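Here's the structure, in structure tokens; my notes come after.
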Amino acid sequence: MNVGIVIVSHSPKVAEGAADMVRQMVGDSVPLAYTGGDEAGGLGTSVARILDAINAAWSEAGVAVLVDLGGAETNSEMAIEMLPPERRERAVICNAPIVEGAVIAAAEASGGSSLAKVQAVADELSSQ
Amino acid sequence: MNVGIVIVSHSPKVAEGAADMVRQMVGDSVPLAYTGGDEAGGLGTSVARILDAINAAWSEAGVAVLVDLGGAETNSEMAIEMLPPERRERAVICNAPIVEGAVIAAAEASGGSSLAKVQAVADELSSQ
Amino acid sequence: MQIDSALRRRLIEEMAATVEAHCQELTELDQAIGDGDHGTGMKRGFDAVLAHADKLADQPLPAALRGIGQTLVMSMGGASGPLYGTFFLELGKALDENPDRAAFAAGFARAMAAVAARGKSEPGQKTLLDVLAPVSAALAENETPAGIARVAAEAAEATVPMQALRGRAAFLGARSVGHMDPGARSASLIIGAVCAVLEGTSG
Amino acid sequence: MQIDSALRRRLIEEMAATVEAHCQELTELDQAIGDGDHGTGMKRGFDAVLAHADKLADQPLPAALRGIGQTLVMSMGGASGPLYGTFFLELGKALDENPDRAAFAAGFARAMAAVAARGKSEPGQKTLLDVLAPVSAALAENETPAGIARVAAEAAEATVPMQALRGRAAFLGARSVGHMDPGARSASLIIGAVCAVLEGTSG
Ligand SMILES: Nc1ncnc2c1ncn2[C@@H]1O[C@H](COP(=O)(O)OP(=O)(O)O)[C@@H](O)[C@H]1O
Ligand SMILES: Nc1ncnc2c1ncn2[C@@H]1O[C@H](COP(=O)(O)OP(=O)(O)O)[C@@H](O)[C@H]1O
Ligand SMILES: [Mg+2]
Ligand SMILES: [Mg+2]
Ligand SMILES: [Mg+2]
Ligand SMILES: [Mg+2]
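Structure follows, in structure tokens:
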């Protein structure tokens, strides 16, 4: 099973649009979930929804989480810490831009790469 | 007048969501326009719409264009070349991620920074 | 310091009321150097805590603190949600049911360290850590509740001339100077609320 | 080579008909190693050119070519739009009204260089440049239209074992090997269409 991709943006529209771009590239070959917006529907993120997204995109090969700004990252960290212990090690936050990183990570994941490889390829984007 | 920000995504939703995030940070202090989608409304970009967006966000201080993937960049380059000569030098494409770059560039622009400074701050994101 | 169920309830109510009363102020501070949602985020968080006040106050202090942290994490939605959440969660893990002053100071220091780790930050970067750090020091020095509230308020004020190096305010670079950090202000308000309640009791 | 208005019209029609006939094939090639829109993008572009065929064919060759380029740029919408657009625009700038074979070969080479500059790319990266480059060489060697069409088709085939280093296919790394590049295929189709028309005339 391929590595899953989770997109966590402050904006529900960014999250959904980035997911559209991922789907266009990799079809259904990669588990994919996205979330954006805080508990009240404003710009922000929600730990509960991030948890749901991680579980929805869950793969035994792990999931790579793409985030935009600060709060999306810290809230995703919290969500990962709340996963059951056996899942916790297999959910990683990429140090990559959310849209470009999601497309690249998904393309890599669609080829059956390991979580470490998917993360490394996405992270490379930040150092180009 | 502050530098303008133009957001050019393959996805109309990403473009609009990123613009929402920019507006939340800088209000109306920065001219802002966005576009996403090809001529048929699919994922892609349109030179004509990019031109419209650049003109809509036009500022005498120049505009910084944020793009996501390959086609968004080349189409934005074409659009810039089609600007009247006196505008051409004052429209630059940032080498920065679209969402994170738009927010950072807009925050910088809102302080009255020059186009070169706005671009430099956004470009730094790619080398962190 | 005996913090019984009634006192736990009063602490929750006072924190929530203080956040409610200062929601607009926090919003405005965050509008100046951030995205303007710190007031609503804090209010959402402490309203959620208030909604569960009965259940939370009924639990022993450590569980009550962990419950508050969990509730804040799940409801706030901004960068500060996991920071406040982590603070209460770790404080709950560090304290026993009847902490003495030294145990409380040590627990506070441990919770603050967890916040710094979560935020990859340290004092001096114009964040809520710039309030937590001097308060932690004052606690260790056996300061009174009123004195601690004063330390917190002054520490929040002291963020005004700082340049932000963490969070969205950092995007503004030098322009973040001249504004109080919203998170520092909210931390001083929460600490002030707690101190006001405790000052009225044994101390 | 005299390319009069009627011939210009036939060239436009043949290019558009070829793209139309192979739209699905281009889509499938792009689905394999890209985002699957190259067929619809090419069709949108050449349909737009066809829609203006009268106006375009009435203009002298350089203006007609520039008009085609402009139309492609404004309608295609993918990474290949500015590349095809640049090719026709630059060819139009390079040629005069009645280019001889040498002038055409030189103009083609210049247009190809502009495409490479636009794409920040070079032959060997599994793109349409891998078709344009051998065709440019064959033109300089005075190859017949039929021969050039063959060179183009073979060059497109030769992209199958290449690894993509530009465009979205590059995201796939080694997995891009084993598929024909959609842009190389479309370039070979366009060149084939032009050669088929010219082969039927003086050559
Ligand atoms: N990395 C960090 N470390 C410590 N504190 C931080 C960090 N990021 C943000 N903060 C604090 O959070 C406050 C902003 O909170 P909030 O408005 O909820 O977050 P957001 O920026 O996601 O909207 C800041 O004023 C600052 O005190
Ligand atoms: N930087 C580039 N240089 C040269 N050719 C490129 C480049 N990027 C893409 N291409 C060509 O464009 C083709 C894809 O076109 P298209 O599907 O329209 O673009 P997109 O990737 O935006 O969907 C590729 O097969 C390749 O031949
Ligand atoms: Mg905020
Ligand atoms: Mg926020
Ligand atoms: Mg494509
Ligand atoms: Mg495309």
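Chains as they are written, first to last, in the working numbering: chain A, -4 to 123; chain B, -4 to 123; chain C, 67 to 269; chain D, 67 to 269. Think of the CB as a built atom: it goes at the ideal place given N, C-alpha and C, for glycine as much as any other residue. Computed from a prediction, not measured in an experiment: that's the story for all the values here.
When 7 Å is used as the limit between beta carbons, D101 of chain D is near these residues of chain A: Q19 and M20, in chain order. By the CB criterion at 8 Å, A235 of chain D and I99 of chain D fall inside the cutoff. Runs of the alpha helix (DSSP H) lying entirely within the stretch 176 to 217 of chain D and spanning at least 4 residues, in chain order: 195 to 206. With three or more CB-CB distances shorter than 8 Å, the stretch 18 to 29 of chain A counts as touching the stretch 94 to 104 of chain A. At a Cβ-Cβ threshold of 8 Å, V9 of chain B and A48 of chain B do not count as neighbours.
Closer than 8 Å to the CB of L92 of chain C there is not a single CB belonging to chain B. Residues with their Cβ less than 6 Å from any non-hydrogen atom of ligand 3, running along the chain, are C:D96, C:G100, C:D101, C:D103, C:H104 and C:G144. Chain B has a Cβ within less than 8 Å of the Cβ of R241 of chain C.
Of all residues in the stretch 89 to 103 of chain A, only V98, I99, A102 and E103 come within less than 8 Å of chain D when Cβ atoms are compared, listed by chain position. Between D33 of chain B and chain D, the shortest Cβ-Cβ separation is below 8 Å. Contact with chain B is absent for V197 of chain D, since none of that chain's Cβ atoms lies less than 8 Å from the residue's Cβ. Taking C-beta separations shorter than 6 Å and ignoring five residues to either side along the sequence, A262 of chain C has no partners in its chain. Contact of M16 of chain B with chain A is assigned, a C-beta pair being separated by under 8 Å. At a cut-off of 8 Å between C-beta atoms, D63 of chain A counts as an interface residue with respect to chain B.
At a C-beta separation below 9 Å, R234 of chain D has these neighbours in chain A: M20, V98 and A102. D196 of chain C and A171 of chain C have their C-alpha atoms roughly 17 Å apart. The three-state reading of DSSP puts T267 of chain C in coil, since its state is none of H, G, I, E or B.
Taking 8 Å as the cut-off, the beta carbon of H104 of chain C is found no closer than this to the beta carbon of G244 of chain C. Within the chosen limit of 7 Å, ligand 1 reaches the beta carbon of T193 of chain C through at least one heavy atom. Less than 8 Å separates the beta-carbon of Q191 of chain C from that of R232 of chain C. According to the DSSP assignment, S141 of chain D belongs to the alpha helix (DSSP H) that extends over L127 to S141. Assigned with DSSP and collapsed to three states, G(-1) of chain A falls in strand. Between A230 of chain C and M246 of chain C, the C-beta spacing is not below 8 Å. Scanning chain A for C-beta atoms nearer than 9 Å to the C-beta of R216 of chain C yields nothing, as the closest lies near 30 Å away. Chain B has no Cβ within less than 8 Å of the Cβ of G258 of chain D. DSSP places L92 of chain D in the uninterrupted alpha helix (DSSP H) bounded by S71 to I99. Contact between S71 of chain A and V58 of chain A fails: their C-beta atoms lie close to 11 Å from each other, not under 8 Å. Contact annotation: A160 of chain D and R74 of chain D have beta-carbon atoms that are not nearer than 8 Å. For L238 of chain C, the nearest beta carbon of chain B is closer than 8 Å to its own beta carbon. Of the other Cβ atoms in all chains shown, fewer than 16 fall within 10 Å of the Cβ of D124 of chain D; this residue is therefore exposed.
In this structure, the alpha-carbon of A206 of chain C lies about 11 Å from that of G173 of chain C. From the beta-carbon of N(-3) of chain A, no residue of chain C is found nearer than 7 Å; the closest lies around 29 Å away.
Taking the Cα positions, A212 of chain D is about 19 Å away from P165 of chain D. Taking 3 residues as the shortest admissible run, the stretch 80 to 119 of chain A contains the following complete beta strand (DSSP E) segments, listed from N- to C-terminal end: 86 to 88. CA-to-CA, the gap between S202 of chain C and A51 of chain A works out to about 41 Å.
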